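Visitor:
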Amino acid sequence: MKNTLTGLGKFNRIIAISLPVVLSILLVRMQSLAHPKLSPPECRVKKWNLPVSLTGENQNAFPQKQKAPLIERLPVTCCQDDTSCLDEVIYGEIPEKKALMSAIARSLQYLQTANAAAAYQNYQVAGITRDRVFKSLKRFRELLLKTNSATELHQAIEREFVLYQSVGKDTKGSVLFTAYYEPLYAASRVPTTEYRYPVYRLPPDFNSWPQPHPTRLELEGADGLQGAKGKLRGLELFWFRDRLEPYLAQIQGSARLQLPDGTQTTIGYAGNNAYNYKSIGRELANDGKLPLQGMTMPIILNYFQKHPQELNIYIPRDRSFVFFQENHGEPAQGSINVPLTAERSIATDKSLMPPGALALIRASVPFANPTGKMEERIVSRYVLDQDTGGAIKGAGRVDYFLGTGKLAGDRAGVTVSNGQLFYLLLKSKN
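What follows is the structure in structure tokens.
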């Protein structure tokens, strides 16, 4: 995808995905709700951190790998009764396994492309090659089909795979997780008194634009209505009712649109003006309008609902600007040009992490209980690394794709936690 406002996390791809603005916007830790009957701390945390011998205390251990974003280690052995160690939902509902199988198929398709060959040609972590990633995915798929429980799958992985763990933001394996999603907005193909705020196509002469490119303020004006007076004239793609919605679509990098005739379509990332994203949440905090601690997307949205005039102050402070293309109902796509899968696709810094690879994430993720209230659970999930984002930089950041619509957006908007990231690769045959 490409950028992520709606989810909190990834503004790079501006991908199209979420209310997750919280992650990108805030990068603030939220206090997790207690989850009953969890195993002891050493099972929940210590076993998942990088082993002490690999984090610098033993300087002679893998010295050539100290600067690498990933460090090889053995799989984590589950503690007794620690169900959060296992990806149990794969076997709980048939659609869950189907979704993971679909995501795997998309990564396998990507790994056979020229783009994948180029991406892995000079990959910096020794031992991680396109061929090994491809074979690892195929073998994992075989195990997924053969095994009948999460425990059986985990045991097979312990026998056949090694893990490459992200060094994280602290060289100890701690990774900040945020989430993004594909929003659903009402929109129109033509401007009306109701639908006034446009998103734009990529200009056909964009590559010849002088640099630095015009900023958001220069392109669309403070009120978001001045694009027709400048370089964006005639490039309007769709119109929205609310000033904030096209901006959130830019943050997410994509959106699903409900048109007045009842039909739906989708828009996806087509390019950007090459400025770094600036969080309007942090800007509100810098001006003393909201406390940074505990800030979430719902809090930000509530503030602008009460003070809509201030959108024209804070949105222009973000100089970045995203262009779109109509995707005619196709699902949101990641940076490796394959459709994203809810709960099974992640975004990472693709200058560091292996594109299309199979990964295991472990983090605290919010879920809606029967009353609609969000409760956090520590979960392990097998995912595919299929996206990136403007705000997803370094080995210590992951953006988790939660799907399409309001519930996905509600969850993405409050997803902020520290966890761990591992890549699964078959053991080398020496």
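Yeah, the sequence shown ends on 429 if you go by numbering that gives the first Met the number 0, and it's all consecutive. Where a beta carbon is used, it is the ideal one built from N, C-alpha and C, also for glycine. Computed from a prediction, not measured in an experiment: that's the story for all the values here.
Return the chain-ordered list of same chain residues with a C-beta closer than 7 Å to the C-beta of residue 434, the five sequence neighbours on each side being excluded.
Guide: Any answer about residue 434 is impossible in this case: the structure gives the chain only from 0 up to 429.
Visitor: In terms of residues, what are the limits of the alpha helix (DSSP H) holding residue 135?
Guide: 129–145
Visitor: Relative to the ligand MG, is the shortest distance from any of its heavy atoms to the C-beta of residue 133 smaller than 8 Å?
Guide: Among the ligands in the structure shown, none appear at all, so the ligand MG cannot be discussed.
Visitor: Helix, strand or coil: which one does DSSP assign to residue 95?
Guide: DSSP places residue 95 in helix when its eight states are reduced to three.
Visitor: Between the stretch 133–143 and the stretch 360–367, do at least 3 Cβ pairs fall closer than 8 Å?
Guide: no
Visitor: Which runs of the alpha helix (DSSP H) at least 4 residues long sit entirely within the stretch 274–313? Give them in chain order.
Guide: 279–285, 296–305 and 310–313
Visitor: How do the stretch 188–207 and the stretch 411–429 stand: do at least 3 beta-carbon pairs fall below 8 Å, yes or no?
Guide: They do not touch, by the three-pair rule.
Visitor: With contact counted as at least three CB pairs below 8 Å, one residue from each stretch, are the stretch 246–253 and the stretch 169–184 in contact?
Guide: Touching, yes.
Visitor: Nearest to residue 249 by alpha carbon, out of 314, 52 and 146?
Guide: Measuring from the Cα of residue 249, the nearest candidate turns out to be 314.
Visitor: Between residue 292 and chain C, is the shortest Cβ-Cβ distance under 9 Å, so that the two count as touching?
Guide: In the displayed structure, chain C is absent; only one protein chain is listed.
Visitor: Along the chain, where does the beta strand (DSSP E) that runs through residue 72 open and close?
Guide: Unbroken beta strand (DSSP E) run through residue 72: 69–72.
Visitor: DSSP on residue 183, reduced to helix/strand/coil?
Guide: strand
Visitor: Going by DSSP, what residues sit across from residue 408 in a beta bridge?
Guide: Paired residues: none, contrary to the question.
Visitor: When burial is assigned at 16 or more other CB atoms within 10 Å of the CB, is residue 120 buried or exposed?
Guide: Residue 120 comes out exposed.
Visitor: Per DSSP, what kind of secondary structure is residue 205 in: helix, strand or coil?
Guide: helix
Visitor: Who are the near neighbours of residue 85 in its chain, counting only those whose CB is closer than 7 Å to its CB and skipping five residues on each side?
Guide: 77, 149, 150, 153 and 379
Visitor: How long is the line joining the alpha carbons of residue 427 and residue 74, rounded to whole angstroms?
Guide: 14 Å
Visitor: How would you call residue 355, buried or exposed, if buried means at least 16 neighbouring beta carbons within 10 angstroms?
Guide: buried
Visitor: So the candidates are 328, 187 and 107; which of them puts its Cα closest to the Cα of residue 258?
Guide: 187
Visitor: Is there contact here, the stretch 386–400 with the stretch 159–176, by at least three beta-carbon pairs under 8 Å?
Guide: yes
Visitor: Go through its chain and collect everything with a Cβ distance to residue 360's Cβ below 6 Å, but skip five positions before and after it.
Guide: 380, 382 and 420
Visitor: For the stretch 296–307 against the stretch 219–239, are there 3 or more C-beta pairs whose distance is under 8 Å?
Guide: no
Visitor: Can you look up residue 381 in the DSSP assignment and give me helix, strand or coil?
Guide: strand
Visitor: Exposed or buried, residue 211, counting other C-beta atoms within 10 Å across all chains shown (16 or more means buried)?
Guide: exposed
Visitor: If you compare alpha carbons, which of 261, 222 and 226 is closest to residue 242?
Guide: Considering only alpha carbons, the answer is 222.
Visitor: If I follow the unbroken alpha helix (DSSP H) through residue 158, where does it start and stop?
Guide: Unbroken alpha helix (DSSP H) run through residue 158: 149–159.
Visitor: Under a three-way DSSP split, which group does residue 87 fall into?
Guide: coil
Visitor: Nearest to residue 271 by alpha carbon, out of 52, 345, 213 and 337?
Guide: 213
Visitor: Can residue 399 and residue 345 be called in contact, C-beta distance under 9 Å?
Guide: yes
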